[in-house]
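Take a look at the structure below.
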Amino acid sequence: MVKFTILAGGFAQFIATYLFDSEAGSLTLVKQNPTGENPSWIASHPKNSSILYAVNEVSPTGNLQSFAVDSDGELSLVDTVSTGGNGPTFTNPLATGEVTAMNFGSPNCAFIATDPGNPLRFLRPSPLVNFPVGNGPSNPHMSLEHKGEVFVPDLGGDKIWRLVRDGVPGKFKIQGQINVDVGSGPRHIAIHDNILFIVSETVSTLTAMEIPPAPNGTALPLIANVSTIPSNSLNAKFAAAEILISTPTSQFPDPLIYVSNRNLGPEFDPRGDTIAIFELKRTSINTAMDHPSVNSKRMLRSPRNTQSPATSASSLSLIAQVPTGLKQIRSMSLGPVTSGGDEFLIAGANMDGGVAVFRRVKQGRNLTEIARNEKIASRTSFVFV
417 MVKFTILAGG FAQFIATYLF DSEAGSLTLV KQNPTGENPS WIASHPKNSS ILYAVNEVSP
477 TGNLQSFAVD SDGELSLVDT VSTGGNGPTF TNPLATGEVT AMNFGSPNCA FIATDPGNPL
537 RFLRPSPLVN FPVGNGPSNP HMSLEHKGEV FVPDLGGDKI WRLVRDGVPG KFKIQGQINV
597 DVGSGPRHIA IHDNILFIVS ETVSTLTAME IPPAPNGTAL PLIANVSTIP SNSLNAKFAA
657 AEILISTPTS QFPDPLIYVS NRNLGPEFDP RGDTIAIFEL KRTSINTAMD HPSVNSKRML
717 RSPRNTQSPA TSASSLSLIA QVPTGLKQIR SMSLGPVTSG GDEFLIAGAN MDGGVAVFRR
777 VKQGRNLTEI ARNEKIASRT SFVFV
């Protein structure tokens with residue numbers, strides 16, 4: 417029997433602790449841990465799961481908080497620091513020791529340094545990074561560390577900013593950008609095998625492209641661009657939200673892409689919002705051509721194979737659209753690979769439906785609900801402890 421302790425943030429004044437029993441198929445609300453207002457996004461320290469960070473998504477200025485997590489999933493607040501901007505909607509700790517804060521309501525973000533001897537403590541001050549959008553909109557929504565860079569999708573600016581550390585801890589600078597279609601609204605991103613996957617909220621698409629060499633102010637041609645919206649006849653507007661890419665294992669050999677679809681109404685599917693499952697298929701194309709060669713001595717014609725360098729064609733294939741019973745699904749998370757937790761995916765409603773746990777079946781190509789808890793109607797981010 418495997419039990420998982422799961423923490424869940426949301427728009428309230430607490431972070432919830434759940435206990436998921438995979439054998440019994442139960443999800444139990446254990447505790448509501450007091451926090452600052454609206455800890456909408458939470459993230460665990462990459463090397464120490466007893467350390468948790470959370471943003472307080474409030475206006476006009478948000479906060480970043482750190483918590484100590486005990487073995488039962490109970491939180492103790494340790495430190496709080498301003499993010500320097502409006503409505504921070506995302507945070508994650510970096511390998512360099514900083515913790516990010518994406519100020520969605522401001523054209524800036526913060527990289528808040530921590531004490532190298534105690535990552536629960538924030539160092540002050542940490543300068544803001546301002547995005548050069550002039551009078552245009554800028555809504556940084558996420559940060560993702562990759563090979564010494566931090567990629568920041570800007571939902572309002574229609575760019576993926578590329579940032580690097582600039583000397584002292586907490587100081588970062590923009591070194592380039594990847595432009596995306598105007599009006600697409602890039603919300604969240606993931607990277608696999610040097611391919612950048614972008615979920616765009618405004619147009620509800622999943623896009624794949626090779627990452628251009630840095631620094632860069634352009635974008636390489638798209639590998640694929642597909643809609644995430646489920647096929648139906650609803651009078652509704654959709655807004656894609658979260659993206660996960662599974663880690664290949666013996667049980668789940670293919671890296672599959674999971675995207676959450678929020679239905680903003682006015683008409684709703686009684687089965688709830690969906691999670692779309694995609695696979696990136698790459699096919700090598702052999703451009704060999706057969707040409708006749710002539711042996712002048714014997715005057716015999718034989719085939720000669722002239723082969724151009726192989727190219728590849730890629731496509732994003734929709735495998736499934738899985739109804740979740742959740743209204744306005746926002747975030748989701750896969751369990752840890754090390755304990756076999758990646759067999760499970762947890763997701764929450766931003767409006768109604770509570771929290772649901774799904775088992776990945778058919779090698780991850782479909783999902784089956786195995787547990788649900790509706791004691792709290794809305795949860796927006798998750799961490800397996």
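Be aware that the sequence shown starts at 417, since it is given in our numbering, and climbs by one per residue. Ideal Cβ positions, reconstructed from N, Cα and C, are used throughout, including at glycine. Note that the coordinates shown come from a computational prediction; the quantities given were computed from them, not determined experimentally.
Alpha carbon to alpha carbon, what distance is there between residue j and residue i?
| i | j | result |
| --- | --- | --- |
| GLU790 | ALA772 | 9 Å |
| LEU638 | PRO629 | 15 Å |
| ILE693 | PHE654 | 16 Å |
| GLY601 | ILE614 | 10 Å |
| GLY513 | ALA459 | 14 Å |
| LEU761 | ASN454 | 23 Å |
| ILE661 | LYS463 | 21 Å |
| ASP495 | SER482 | 5 Å |
| HIS608 | THR634 | 20 Å |
| PHE668 | GLN779 | 5 Å |
| PHE520 | THR505 | 6 Å |
| ALA763 | ALA428 | 17 Å |
| VAL738 | ASP437 | 22 Å |
| THR796 | ASN595 | 28 Å |
| GLU626 | ASN610 | 6 Å |
| PRO509 | THR499 | 14 Å |
| PRO671 | ILE576 | 23 Å |
| PRO708 | GLU695 | Residue placement at PRO708 is poorly supported in this model, since its pLDDT is 42, which falls under 50; the coordinates still yield a value, given next. Whole-angstrom Cα-Cα distance: 41 Å. |
| LEU783 | PRO585 | 42 Å |
Less than 8 Å between the CB atoms is what I'm expecting for residue i and residue j, so what's the real figure, rounded?
| i | j | result |
| --- | --- | --- |
| PRO807 | PHE547 | No answer is possible for residue 807: it lies beyond the span of the chain, which begins at 417 and ends at 801. |
| HIS461 | PRO535 | 6 Å |
| VAL471 | THR507 | 5 Å |
| GLU561 | VAL580 | In fact, because the Cβ distance is near 11 Å, the residues do not count as touching under 8 Å. |
| ALA736 | ARG781 | 6 Å |
| ALA765 | LEU734 | 23 Å between Cβ atoms; not a contact. |
| SER554 | VAL568 | About 10 Å separates the two Cβ atoms, so there is no contact after all. |
| ALA606 | ILE659 | 5 Å |
| ASP689 | THR621 | With 8 Å as the limit, ASP689 and THR621 do not qualify as a contact, their Cβ atoms being about 17 Å apart. |
| LEU423 | ARG788 | Going by Cβ atoms, the distance from LEU423 to ARG788 rounds to 17 Å, so no, they are not a contact pair. |
| PRO631 | ARG578 | 7 Å |
| THR623 | ASN641 | 5 Å |
| ALA656 | ARG746 | Contact flag wrong, Cβ pair sits at about 11 Å. |
Quick check on the DSSP output: the beta strand (DSSP E) that includes residue i runs from which residue to which?
| i | result |
| --- | --- |
| ASP689 | Unbroken run through ASP689: none, as it is neither H nor E. |
| ALA793 | ALA793 -> no beta strand (DSSP E), and no H or E assigned at all. |
| LYS575 | 575 to 581 |
| GLN667 | Segment: none, GLN667 is in no beta strand (DSSP E) and carries neither H nor E. |
| ASN546 | 544 to 546 |
| PRO569 | 565 to 570 |
| PHE602 | Residue 602 is actually Pro in this sequence, not Phe. From DSSP, the beta strand (DSSP E) with PRO602 extends over 602 to 608. |
| PHE654 | 652 to 661 |
| GLU514 | 514 to 519 |
| LEU493 | 491 to 498 |
| HIS557 | Segment: none, HIS557 is in no beta strand (DSSP E) and carries neither H nor E. |
| ARG678 | 673 to 682 |
| ASP531 | 524 to 531 |
| ASN534 | 534 to 538 |
| ALA511 | Neither: ALA511 is in no beta strand (DSSP E) and is coded neither H nor E. |
| ARG776 | 771 to 777 |
| ASP768 | 760 to 768 |
| LYS743 | 743 to 750 |
| GLY757 | GLY757 -> no beta strand (DSSP E), and no H or E assigned at all. |
| THR645 | It is worth fixing the name first, because residue 645 is Ile in this sequence and not Thr. ILE645 -> no beta strand (DSSP E), and no H or E assigned at all. |
| GLY780 | Element bounds for GLY780: n/a, residue is neither H nor E. |
| GLY592 | 588 to 595 |
| SER487 | SER487 -> no beta strand (DSSP E), and no H or E assigned at all. |
When the distance is taken between beta carbons, is residue j closer than 7 Å to residue i?
| i | j | result |
| --- | --- | --- |
| ASN651 | GLU683 | yes |
| MET748 | SER676 | yes |
| ARG678 | GLN744 | yes |
| ALA517 | ALA526 | yes |
| GLY425 | TRP457 | yes |
| VAL497 | PHE538 | yes |
| PRO523 | VAL549 | yes |
| ILE691 | GLY441 | no |
| LEU468 | VAL485 | yes |
| SER643 | LYS697 | no |
| PRO476 | ASN449 | no |
| PRO752 | PHE800 | yes |
| VAL598 | ASP570 | no |
| LYS587 | PRO543 | yes |
| GLY756 | PHE420 | no |
| ILE792 | ALA432 | yes |
Can you tell me whether residue i sits near the ligand MN, meaning its C-beta is under 6 Å from at least one heavy atom of the ligand?
| i | result |
| --- | --- |
| GLN429 | Among the components modelled here there is no ligand, and therefore nothing to report on the ligand MN. |
Indicate whether at least one CB of chain D lies closer than 7 Å to the CB of residue i.
| i | result |
| --- | --- |
| SER794 | The chain labelled as chain D is not found in the depicted structure, where only one protein chain is given. |
*Any chance you could list the beta strand (DSSP E) runs of at least 3 consecutive residues sitting entirely within the region 420 to 482, in chain order?*
430 to 437, 442 to 450, 457 to 461, 464 to 472
*Could you tell me which uninterrupted beta strand (DSSP E) segments, each at least 3 residues in length, are contained entirely in the region 606 to 638, listed from first to last along the chain?*
611 to 616, 621 to 626
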